[in-house]
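Novice: First the structure, then my questions, so here it is.
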Amino acid sequence: MVKSCWKSSAEVESCGLMWYKDLGQHVHGEFSMAVIQANNLLEDQSQLESGPLISTNSGPYGTFIGVYDGHGGPEASRFINNNLFSNLKSFASEHQEISINVLRKAFAATEEDFLSLVRKQWLVKPQMASVGSCCLTGLICNGMLYIANVGDSRVVLGRRTEKGSKEIMALQLSVEHNASFDSVRDELRSLHPNDPQIVVMRHKVWRVKGLIQISRSIGDAYLKKAEFNKEPLQPKFRLPESFRKPILSAEPSLLVHKLHPDDQFLIFASDGLWEHLSNYEAVKIVQSSPRNGIARRLIKAALKEAAKKREMRYSDLKKIERGVRRHFHDDITVIVVFLDHCLINGNPSFTFPVSVKGGGGLPAAATAW
Numbered sequence: 001m002v003k004s005c006w007k008s009s010a011e012v013e014s015c016g017l018m019w020y021k022d023l024g025q026h027v028h029g030e031f032s033m034a035v036i037q038a039n040n041l042l043e044d045q046s047q048l049e050s051g052p053l054i055s056t057n058s059g060p061y062g063t064f065i066g067v068y069d070g071h072g073g074p075e076a077s078r079f080i081n082n083n084l085f086s087n088l089k090s091f092a093s094e095h096q097e098i099s100i101n102v103l104r105k106a107f108a109a110t111e112e113d114f115l116s117l118v119r120k121q122w123l124v125k126p127q128m129a130s131v132g133s134c135c136l137t138g139l140i141c142n143g144m145l146y147i148a149n150v151g152d153s154r155v156v157l158g159r160r161t162e163k164g165s166k167e168i169m170a171l172q173l174s175v176e177h178n179a180s181f182d183s184v185r186d187e188l189r190s191l192h193p194n195d196p197q198i199v200v201m202r203h204k205v206w207r208v209k210g211l212i213q214i215s216r217s218i219g220d221a222y223l224k225k226a227e228f229n230k231e232p233l234q235p236k237f238r239l240p241e242s243f244r245k246p247i248l249s250a251e252p253s254l255l256v257h258k259l260h261p262d263d264q265f266l267i268f269a270s271d272g273l274w275e276h277l278s279n280y281e282a283v284k285i286v287q288s289s290p291r292n293g294i295a296r297r298l299i300k301a302a303l304k305e306a307a308k309k310r311e312m313r314y315s316d317l318k319k320i321e322r323g324v325r326r327h328f329h330d331d332i333t334v335i336v337v338f339l340d341h342c343l344i345n346g347n348p349s350f351t352f353p354v355s356v357k358g359g360g361g362l363p364a365a366a367t368a369w
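So for the sequence shown, the UniProt record's numbering puts the first residue at 1; every next one is plus one.
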């Protein structure tokens with residue numbers, strides 16, 4: 001028996017290695033979600049929460065979006081999926097407001113709680129110290145969009161070039177923390193001036209300490225706390241020297257954006273999508289296609305590009321089992337959030353909470369989709 005990896009207040013569907021919610025309603029419009037598995041264990045997790053944003057359920061009303069791209073295992077991304085939004089609601093209730101500071105505190109609490117879990121399980125499950133996750137979040141409330149991000153997932157805004165125009169532009173709203181960027185390598189060298197090996201190229205890829213491509217994450221305790229740089233952690237994760245300050249950071253890059261009437265939709269996705277589609281290509285697909293099933297359509301476009309790069313047919317790529325499939329593409333999560341400005345500037349379309357979570361579960365064998 002196969003269990004769907006989705007948990008939702010609305011019906012969702014699965015088909016082989018893909019799970020999807022083709023179209024749903026959030027308080028400020030509609031949304032579409034999809035995830036395709038490539039790894040033996042799905043490491044991507046995601047969620048959309050819409051409704052009251054404080055614990056009393058009395059408002060303010062808004063929509064929270066999260067994409068969590070795990071690495072080294074699914075434990076960190078699952079932990080974020082189960083804890084980040086509740087931490088956000090807790091701080092929002094404490095401060096009686098939605099703000100970028102509330103989002104920052106939710107990140108810090110989630111990081112601290114996960115590192116505490118790693119510490120508790122150190123002797124029985126030391127590999128938890130090498131598990132981490134990118135964490136991209138968006139929060140829409142009171143006409144504002146708040147973005148917080150660690151890692152290399154990305155959110156792109158589709159905006160009309162001018163009122164009444166059908167032309168659309170793509171605006172990237174998130175900052176990526178990947179050592180492939182000169183700015184990230186410069187930041188790491190500035191923070192660790194006495195370490196000539198802080199970023200090195202391995203197999204034509206820039207990596208932090210030769211181990212990991214991203215410079216910020218939730219988890220990855222082995223690169224944040226020297227107490228985990230020892231046995232029983234596997235030797236391949238241990239550094240030859242101790243370190244005094246964290247090598248990776250959990251401090252998110254933050255953005256506050258006042259929503260404009262020309263802002264049409266947002267595309268939140270793990271880096272598996274952006275590896276194969278440019279920002280503009282993704283925005284044009286959304287603009288020129290029906291809303292229903294648009295997240296799946298974006299994944300299909302990315303997989304067609306992945307197949308083309310390997311000089312194989314898309315129909316053959318679809319037949320590849322999970323695990324082996326990771327050689328062709330990564331796990332991919334996509335959430336497309338449409339913005340209805342009548343709802344953003346007026347009363348919410350409903351007041352009951354909507355919760356959709358993607359990730360985990362027991363996948364079936366790959367089938368056609």
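Even glycine gets a Cβ: it sits at the ideal position worked out from N, Cα and C.
Beta carbon of Ser130, beta carbon of Val67: below 8 Å?
Specialist: By 1-based counting over the sequence shown, the position of residue 130 is 130. By 1-based counting over the sequence shown, the position of residue 67 is 67. Going by C-beta atoms, Ser130 is not nearer than 8 Å to Val67.
Novice: What does the Cβ neighbour count give for Tyr314, buried or exposed, with the cut at 16 atoms within 10 Å?
Specialist: Here residue 314 corresponds to residue number 314 of the sequence shown, with the count starting at 1. So Tyr314 counts as exposed.
Novice: I want to know whether the segment 221–231 touches the segment 251–263 - three or more CB-CB distances under 8 Å.
Specialist: no
Novice: Based on Cα-Cα distance, which residue from Pro196, Ser133 and Val336 lies nearest to His177?
Specialist: Sequence index remark: in the sequence shown, residue 177 carries index 177 (1-based). Per the Cα distances, Ser133.
Novice: Residue range of the alpha helix (DSSP H) that Asp113 falls in?
Specialist: Taking the first residue of the sequence shown as 1, we reach residue 113 at position 113. It spans Ile100 to Lys120 - the alpha helix (DSSP H) in which Asp113 sits, taken as one unbroken run.
Novice: Would you mind giving the Cβ-Cβ distance between Gly272 and Ile332, rounded to the nearest angstrom? I have them listed as a contact below 8 Å.
Specialist: By one-based count along the sequence shown, residue 272 stands at place 272. By one-based count along the sequence shown, residue 332 stands at place 332. About 4 Å; that satisfies the 8 Å criterion.
Novice: Does the Cβ-Cβ distance between Ile65 and Gly158 come in under 8 Å?
Specialist: Translated into the one-based positions of the sequence shown, residue 65 becomes position 65. Translated into the one-based positions of the sequence shown, residue 158 becomes position 158. Taking 8 Å as the Cβ cut-off, Ile65 and Gly158 do not qualify as a contacting pair.
Novice: Whole angstroms are fine: how far does the CA of Glu311 sit from the CA of Val118?
Specialist: Taking the first residue of the sequence shown as position 1, residue 118 is located at position 118. Taking the first residue of the sequence shown as position 1, residue 311 is located at position 311. Their Cα atoms are separated by approximately 42 Å.
Novice: Curious, which full-length beta strand (DSSP E) runs of at least 3 residues does the segment 28–68 contain?
Specialist: 29–36 and 44–52
Novice: With 16 as the cutoff for other CB atoms within 10 Å, does Lys357 come out buried or exposed?
Specialist: Along the sequence shown, one-based indexing puts residue 357 at 357. Buried: at least 16 other Cβ atoms inside 10 Å.
Novice: Check this for me: beta carbons of Ala295 and His276, under 8 Å apart or not?
Specialist: Translated into the one-based positions of the sequence shown, residue 295 becomes position 295. Translated into the one-based positions of the sequence shown, residue 276 becomes position 276. Not a contact, by the Cβ cut-off of 8 Å.
Novice: Quick check on the burial criterion: 16 or more other C-beta atoms within 10 angstroms. Buried or exposed for Asn81?
Specialist: Locating residue 81 in the sequence shown gives position 81, counting from the first residue. Asn81 comes out buried.
Novice: Excluding sequence positions up to five away, which residues of its chain have a Cβ less than 6 Å from the Cβ of His192?
Specialist: Mapped onto the sequence shown, residue 192 falls at position 192. Same-chain partners within the cutoff: Ile198.
Novice: When burial is assigned at 16 or more other CB atoms within 10 Å of the CB, is Met33 buried or exposed?
Specialist: Here the question's residue 33 lines up with position 33 in the sequence shown. Its Cβ being crowded by 16 or more others within 10 Å, Met33 is buried.
Novice: Can you list, in chain order, the stretches of the beta strand (DSSP E) that have 3 or more residues and sit fully within the segment 143–171?
Specialist: 144–150 and 154–160
Novice: Return helix, strand or coil for Gly70, following the three-state DSSP convention.
Specialist: Here residue 70 refers to the residue found at position 70 of the sequence shown. Gly70: strand per DSSP, three-state reduction.
Novice: Which term fits Pro52, buried or exposed, when burial requires 16 or more other beta carbons within 10 angstroms of its beta carbon?
Specialist: For this step, residue 52 is matched to residue 52 along the sequence shown. Pro52 comes out buried.
Novice: Are the CB atoms of Thr63 and Ile168 nearer to each other than 8 Å?
Specialist: Counting from 1 along the sequence shown, the entry for residue 63 is found at position 63. Counting from 1 along the sequence shown, the entry for residue 168 is found at position 168. Contact flag unset, no.
Novice: Reducing DSSP to helix, strand and coil, say where Ser278 ends up.
Specialist: Residue mapping note: residue 278 aligns to position 278 of the sequence shown, counting from 1. If DSSP states are grouped into helix, strand and coil, Ser278 belongs with coil.
Novice: If you drop the 5 nearest sequence neighbours on each side, which residues of the same chain put their C-beta closer than 7 Å to that of Asn87?
Specialist: Within the sequence shown, residue 87 is the residue found at index 87, counting from 1. Around Asn87: Ala106, Ala109 and Thr110.
Novice: Taking Cβ positions, are Phe265 and Val334 nearer each other than 8 Å?
Specialist: For the purposes of this step, residue 265 is taken as the residue at position 265 of the sequence shown. For the purposes of this step, residue 334 is taken as the residue at position 334 of the sequence shown. No.
Novice: Got a sec? Which residues, its chain only, sit under 8 Å from His260 by beta carbon, not counting five neighbours each side?
Specialist: Locating residue 260 in the sequence shown gives position 260, counting from the first residue. The residues are Arg159.
Novice: Do Ala282 and Ile299 have their C-beta atoms closer together than 8 Å?
Specialist: What you label residue 282 is simply residue 282 of the sequence shown in a count that begins at 1. What you label residue 299 is simply residue 299 of the sequence shown in a count that begins at 1. Contact flag unset, no.
Novice: Give me the Cβ distance between Leu248 and Val205, rounded to the nearest whole Å; I'm assuming they're in contact under 8 Å.
Specialist: One-based indexing of the sequence shown puts residue 248 at position 248. One-based indexing of the sequence shown puts residue 205 at position 205. Going by Cβ atoms, the distance from Leu248 to Val205 rounds to 17 Å, so no, they are not a contact pair.
Novice: Would you mind working out which of Gly72, Ile212 and Leu103 sits nearest Leu84, comparing C-alpha positions?
Specialist: One-based indexing of the sequence shown puts residue 84 at position 84. Of the listed residues, the one whose Cα sits closest to Leu84 is Leu103.
Novice: Please look up how many angstroms separate the CB atoms of Val155 and Ser174, rounded, as I've assumed it's under 8 Å.
Specialist: The sequence position of residue 155 within the sequence shown is 155, counting from 1. The sequence position of residue 174 within the sequence shown is 174, counting from 1. The beta-carbon separation of Val155 and Ser174, rounded to 5 Å, stays under the 8 Å limit for a contact.
Novice: Measure from the alpha carbon of Ser93 to the alpha carbon of each residue in Asp113, Val124, Ser77 and Gly59, then state which is nearest.
Specialist: Along the sequence shown, one-based indexing puts residue 93 at 93. With distances taken between Cα atoms, Ser93 lies closest to Gly59.
Novice: Could you pull out every unbroken beta strand (DSSP E) segment of at least 3 residues lying fully inside the segment 174–224, listed in chain order?
Specialist: 199–202 and 205–208
Novice: If you check the beta carbons only, do Gln37 and Leu23 fall under 8 Å apart?
Specialist: By 1-based counting over the sequence shown, the position of residue 37 is 37. By 1-based counting over the sequence shown, the position of residue 23 is 23. No.
Novice: From His71 to Gln234, what distance separates their C-alpha atoms?
Specialist: Within the sequence shown, residue 71 is the residue found at index 71, counting from 1. Within the sequence shown, residue 234 is the residue found at index 234, counting from 1. Each residue's Cα considered, the two are about 16 Å apart.
Novice: Just to confirm, is the Cβ distance from Val354 to His26 under 8 Å?
Specialist: Stepping through the sequence shown from its first residue, residue 354 is reached at position 354. Stepping through the sequence shown from its first residue, residue 26 is reached at position 26. Yes, Cβ-Cβ distance for Val354 and His26 is below 8 Å.
Novice: Mind reading off the beta-carbon distance from Ile98 to Asn142? Whole number of angstroms is fine, and I expect it under 8 Å.
Specialist: What you label residue 98 is simply residue 98 of the sequence shown in a count that begins at 1. What you label residue 142 is simply residue 142 of the sequence shown in a count that begins at 1. With a Cβ gap of about 7 Å, Ile98 and Asn142 count as contacting.
Novice: Can you pull the DSSP bridge partners for Ser355?
Specialist: Mapped onto the sequence shown, residue 355 falls at position 355. Paired residue(s): Glu49.
Novice: What separation, rounded to the nearest whole angstrom, lies between the Cα atoms of Asp44 and Ala76?
Specialist: Your numbering for residue 44 matches position 44 in the sequence shown. Your numbering for residue 76 matches position 76 in the sequence shown. Rounded to the nearest angstrom, the two C-alpha atoms are 10 Å apart.
Novice: Put His26 into one of helix, strand or coil per three-state DSSP.
Specialist: Residue 26 sits at position 26 when you count from the first residue of the sequence shown. Here His26 sits in strand by DSSP.
Novice: Let's test the definition: count the other Cβ atoms within 10 Å of the Cβ of Leu123 and tell me whether it reaches 16, buried, or not, exposed.
Specialist: As a first step, residue 123 must be located in the sequence shown, where it is residue number 123. Label assigned to Leu123: exposed.
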